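Engineer:
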Amino acid sequence: MHAMTPLAKRTYTLLKTVPAGRVTTYKALADALGTRAYRAIGQFMKHNPYAPAVPCHRVVSSDGTIGGFNGGITKKIRLLRAEGIKISKNSIIDFPTLLFPFPAS
DNA sequence: TATTTGACCAAGA
DNA sequence: ATCTTGGCCAAAT
Numbered sequence: 027m028h029a030m031t032p033l034a035k036r037t038y039t040l041l042k043t044v045p046a047g048r049v050t051t052y053k054a055l056a057d058a059l060g061t062r063a064y065r066a067i068g069q070f071m072k073h074n075p076y077a078p079a080v081p082c083h084r085v086v087s088s089d090g091t092i093g094g095f096n097g098g099i100t101k102k103i104r105l106l107r108a109e110g111i112k113i114s115k116n117s118i119i120d121f122p123t124l125l126f127p128f129p130a131s
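Residue numbers (the numbering used here): 27 to 131.
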């Protein structure tokens with residue numbers, strides 16, 4: 027087992043609460059965790075030691091575009107579509123509605 | 001210890 | 001609408 031930094035562990039734990047058919051963003055995760063490390067969170071997703079238990083494919087960019095994925099965004103799009111999420115031109119259809127609201131602290 | 005690197009973001013041009 | 005720039009923070013080198 028590799029040593030897991032506290033922020034990485036909290037990020038994975040929080041992400042697991044996002045249900046299928048909904049999405050979140052790098053920023054929303056950071057915000058809910060009380061940090062501004064959006065970019066670091068992108069790195070955590072890239073590593074994602076718990077895939078597919080941790081649904082990193084449900085994390086997209088703040089503007090509703092797909093963002094990145096280890097192995098290619100095509101795969102990410104396929105996974106999202108399999109959950110009923112519609113995508114066109116690399117952006118989520120009806121993005122604000124599908125965005126999962128984290129419980130307020 | 002210092003520097004570089006990102007699956008980012010917001011604001012400008 | 002597309003592209004650039006500066007800022008942000010944790011990890012890796």
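All C-beta atoms in this analysis are idealised placements derived from N, C-alpha and C, irrespective of residue type, glycine included. Computed from a prediction, not measured in an experiment: that's the story for all the values here.
1) Skipping 5 residues on each side, what residues in its chain have a beta carbon closer than 7 Å to that of residue 116?
2) Helix, strand or coil for residue 59, going by three-state DSSP, please let me know.
3) Spell out a yes or no on whether the stretch 30-47 and the stretch 72-82 are touching, meaning 3 or more CB-CB pairs, one atom from each, closer than 8 Å.
4) Residue 61 to residue 103, Cα distance in whole Å?
5) Under the assumption that residue 113 contacts residue 107 (Cβ atoms under 8 Å), give the Cβ distance between them as a whole number of angstroms.
6) Using only the alpha-carbon positions, how far apart do residue 126 and residue 32 sit?
7) Rounded to the nearest angstrom, what separates residue 74 and residue 110 at their Cα positions?
8) Just to confirm, is the Cβ distance from residue 58 to residue 128 under 8 Å?
9) What separation, rounded to the nearest whole angstrom, lies between the Cα atoms of residue 88 and residue 30?
10) Can you grab the Cα-Cα spacing for the pair residue 130 / residue 54, in whole Å?
Structural biologist: In this structure, then:
1) Contacts found: 91 and 92.
2) coil
3) yes
4) 28 Å
5) 6 Å
6) Approximately 23 Å, taken between the alpha carbons.
7) 23 Å
8) yes
9) 26 Å
10) Near 12 Å, if we compare the C-alpha coordinates of residue 54 and residue 130.
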